[in-house]
Amino acid sequence: MIKVSIPAVITRNQAGVGKTSGKAYNMDFQTVYIHTVAKDGKPNPFPEKTEIILDKNDQGQPLVYAVGEYQLHPASLYVDRSGNLAVAPRLAPLPKA
Numbered sequence: 002m003i004k005v006s007i008p009a010v011i012t013r014n015q016a017g018v019g020k021t022s023g024k025a026y027n028m029d030f031q032t033v034y035i036h037t038v039a040k041d042g043k044p045n046p047f048p049e050k051t052e053i054i055l056d057k058n059d060q061g062q063p064l065v066y067a068v069g070e071y072q073l074h075p076a077s078l079y080v081d082r083s084g085n086l087a088v089a090p091r092l093a094p095l096p097k098a
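Position one of the sequence shown corresponds to residue 2 (our numbering), numbered consecutively onward.
Okay, here's the thing in structure tokens:
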């Protein structure tokens, strides 16, 4: 299990036109903290800050995750068109202890 913490809701939007495709894009990101593990299998002492791309609802609004503790959902992993394992983060709330 990979734990993800969201201590505050911090989002940003990035919109523009693709350089090669000429198509407009509009993406929303949310800041999260991933609790990673070192190569030796031991947890790193501090979570690492990163951003995840947010899904959108039917009205095109970003589906923002609330403050809380999450885990990486198994549906986050997929095999890309090159046959490599890839990650598109989707979060699931951690069960209350």
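All C-beta atoms in this analysis are idealised placements derived from N, C-alpha and C, irrespective of residue type, glycine included.
Start-to-end residues for the beta strand (DSSP E) that takes in alanine 98: Here residue 98 is taken as the residue at index 97 of the sequence shown, counted from 1. No beta strand (DSSP E) contains alanine 98, which DSSP labels as neither H nor E.
Pair within 9 Å by beta-carbon distance, arginine 91 and alanine 76: Translated into the one-based positions of the sequence shown, residue 91 becomes position 90. Translated into the one-based positions of the sequence shown, residue 76 becomes position 75. For the pair arginine 91 and alanine 76, the CB atoms are nearer than the 9 Å cut-off.
Spatial neighbours of alanine 87 in its chain, beta-carbon cut-off 8 Å, leaving aside the 5 residues before and after: Looking up residue 87 in the sequence shown gives position 86. The beta carbon of alanine 87 is closer than 8 Å to those of Leu78, Tyr79, Val80, Asp81 in its chain, skipping five residues each way along the sequence.
Own chain partners of threonine 32 with C-beta closer than 7 Å, once the 5 adjacent residues on each side are dropped: Position 31 of the sequence shown, counting from 1, holds the residue named residue 32. Once the five neighbours on either side are set aside, the close Cβ partners of threonine 32 are Ile11, Lys50, Glu52.
Own chain partners of asparagine 45 with C-beta closer than 8 Å, once the 5 adjacent residues on each side are dropped: The count along the sequence shown starts at 1 and reaches residue 45 at position 44. The beta carbon of asparagine 45 sits closer than 8 Å to the beta carbons of His36, Thr37, Val38, Ala39 from its chain, once the five residues preceding and following it are set aside; these are given in chain order.
6 Å CB neighbourhood of isoleucine 3 in its chain, flanking five on each side removed: By 1-based counting over the sequence shown, the position of residue 3 is 2. Cβ neighbours of isoleucine 3 beyond the five flanking positions: Leu73.
Of the listed residues Pro48, Asn14, Leu64, Phe47, nearest to aspartate 29 (C-alpha basis): Locating residue 29 in the sequence shown gives position 28, counting from the first residue. Aspartate 29 has its Cα closest to that of Asn14, out of Pro48, Asn14, Leu64, Phe47.
Backbone CA spacing between proline 96 and glutamine 60 [nearest angstrom]: To locate residue 96, count along the sequence shown from 1; it is residue 95. To locate residue 60, count along the sequence shown from 1; it is residue 59. Going by the C-alpha atoms only, they are around 30 Å apart.
Beta-carbon gap between isoleucine 7 and tyrosine 34 smaller than 9 Å: As a working mapping, residue 7 is identified with position 6 in the sequence shown. As a working mapping, residue 34 is identified with position 33 in the sequence shown. Going by C-beta atoms, isoleucine 7 is nearer than 9 Å to tyrosine 34.
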